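Under the UniProt record's numbering, the residue at position 177 of the sequence shown is numbered 177, and the numbers go up by one with no gaps.
The beta-carbon is built from N, C-alpha and C at its ideal position, and this holds for glycine as well.
Just so it is clear, the structure is predicted and the values come from calculations on it, not from any experiment.
Beneath this line is the structure, given in structure tokens, with notes to follow.
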Amino acid sequence: MDSITFLTAFLVAGGAFTFWCSLKNDDWFFNFPGPSQALILVLGRPAARIFYLLFSLVLLGWGVVRMVDPPRRIPVAFIDEVARPGGVNLTDGSKALPELHQKRAEIRHLQTDATGWTSFWWPLHRNLPYFADARDSSLAGPDFSEGFHFRKRSVGNLMVEGRVLYFDANRVSCDNWLFSSHPLSSAAFAVVICTPEASQANGFSESLAVFYCRANTPLYQRLFD
């Protein structure tokens with residue numbers, strides 16, 4: 001189950017459970033230690049029941065809307081393009097760095113060490129067919145199955161903020177699901193698709209700034225660990 005389906009199921013199940021317990025005035029539900037106790041203490045149990053009934057309807061309505069009109073998913077073509085900027089296989093240690101050097105007209109701020117590339121920036125141009133998906137993915141929260149929200153941080157004099165995706169050695173996007181075959185700990189590099197605001201602040205006025213950082217480097221450990 002991906003994050004889109006999980007969130008929809010959680011909203012519907014949570015809404016139905018809360019509605020039933022509130023409607024039946026279930027003692028177990030209202031006596032369970034937690035926020036309900038504080039709410040009952042402030043409002044009284046009758047008012048708390050009304051609050052939870054209304055809250056459950058909001059959860060149910062949200063879940064039903066997501067079932068009728070599921071959130072869009074990031075297209076596979078977009079994920080493949082992000083994992084191979086300019087066609088470069090970033091996990092090929094012997095070829096990645098020379099190929100990145102050959103694309104200096106497009107790759108920006110390339111940083112290297114004795115082991116190869118460590119970080120760089122890449123512009124995602126608005127004429128690409130998946131540009132709108134990339135822009136949306138940098139702003140949306142849990143409605144995209146790939147990636148996680150990345151809060152604002154700085155790399156030198158540039159700002160990184162948007163949506164971070166992790167890729168393993170096979171360029172498969174990693175996740176944080178329990179018992180996953182692609183956990184975040186297996187990431188070979190991380191990619192942050194910056195928000196339009198962060199991209200413009202970094203001088204990417206006609207494109208989205210995409211920041212790449214290789215795992216097991218000091219910069220990666222500072223930003224992503």
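How many Å lie between leucine 208 and phenylalanine 120 at the Cα? Stepping through the sequence shown from its first residue, residue 208 is reached at position 208. Stepping through the sequence shown from its first residue, residue 120 is reached at position 120. If you take the alpha carbons of leucine 208 and phenylalanine 120, they lie about 14 Å apart.
For proline 142 and histidine 149, I'd like the C-alpha separation in whole angstroms. Indexing the sequence shown from 1 puts residue 142 at position 142. Indexing the sequence shown from 1 puts residue 149 at position 149. Residue confidence is low: proline 142 scores 47 on pLDDT, short of 50, so the model does not pin down where it sits. Its coordinate-derived value is still stated next. Answer to the nearest angstrom: the Cα atoms are 8 Å apart.
Spatial neighbours of leucine 97 within its chain, please: C-beta separation below 6 Å, excluding the five flanking residues on both sides. For the purposes of this step, residue 97 is taken as residue 97 along the sequence shown, with counting starting at 1. Correct list, in chain order: Gly116, Trp117.
Measuring alpha carbon to alpha carbon, tell me which residue in Leu60, His101, Arg45, Leu23 is nearest alanine 9. Residue numbering aside, residue 9 sits at position 9 when the sequence shown is read from its first letter. With distances taken between Cα atoms, alanine 9 lies closest to Leu60.
Within a Cβ cutoff of 7 Å, which residues of the same chain sit near methionine 1, ignoring the five residues on either side of it in sequence? Numbered from 1 along the sequence shown, position 1 holds the residue referred to as residue 1. Any reading at methionine 1 must be qualified, since the residue scores a pLDDT of 49, below 50, and its modelled position is unreliable; no value is offered.
Taking the CB atoms as reference points, tell me whether alanine 190 and leucine 158 lie closer together than 9 Å. The residue you call residue 190 lines up with position 190 of the sequence shown. The residue you call residue 158 lines up with position 158 of the sequence shown. Contact: no.
Does the beta-carbon of aspartate 168 have 16 or more other beta-carbons within 10 angstroms, so that it is buried, or is it exposed? Working through the sequence shown from its first residue, we reach residue 168 at position 168. Counting Cβ neighbours within 10 Å, aspartate 168 comes out buried, since at least 16 surround it.
Give the DSSP-derived three-state secondary structure of threonine 118 in the structure shown. For the purposes of this step, residue 118 is identified with residue 118 of the sequence shown, where counting begins at 1. Three-state result, threonine 118: strand.
Return the first residue and the last residue of the alpha helix (DSSP H) that alanine 190 is part of. To locate residue 190, count along the sequence shown from 1; it is residue 190. Not the alpha helix (DSSP H): alanine 190 falls in the beta strand (DSSP E), residues 189-194.
Could you give the first and the last residue of the continuous alpha helix (DSSP H) run that contains tyrosine 220? Counted from its first residue, the sequence shown places residue 220 at position 220. Counting along the chain, the alpha helix (DSSP H) containing tyrosine 220 begins and ends at 218-223.
Rounded separation between histidine 101 and isoleucine 193 - CA only: What you label residue 101 is simply residue 101 of the sequence shown in a count that begins at 1. What you label residue 193 is simply residue 193 of the sequence shown in a count that begins at 1. Computed Cα separation, rounded: 22 Å.
Runs of beta strand (DSSP E) wholly within the region 44-121 (minimum 3 residues, chain order): 108-113
Any heavy atom of the ligand GTP within a distance shorter than 8 Å of the CB on leucine 59? This structure lacks the ligand GTP; in fact it carries no ligand of any kind.
Unbroken beta strand (DSSP E) run spanning phenylalanine 30, endpoints: One-based indexing of the sequence shown puts residue 30 at position 30. Element bounds for phenylalanine 30: not the beta strand (DSSP E) but the alpha helix (DSSP H), 27-31.
Per-residue burial, arginine 135 [other beta carbons within 10 Å of its own, 16 or more giving buried]: Here residue 135 refers to the residue found at position 135 of the sequence shown. Arginine 135 is buried by the Cβ-count criterion.
If you pair each beta-carbon of the region 72-91 with each one of the region 210-225, do three or more pairs fall below 8 Å? yes
Can you find the residues in the same chain that come closer than 8 Å, C-beta to C-beta, to arginine 153, ignoring five residues on each side of it along the sequence? Start at 1 with the first residue of the sequence shown, and residue 153 comes out as number 153. Excluding its 5 nearest sequence neighbours in each direction, arginine 153 has C-beta neighbours in its own chain below 8 Å: Met159, Val160, Glu161, Leu223, listed in chain order.
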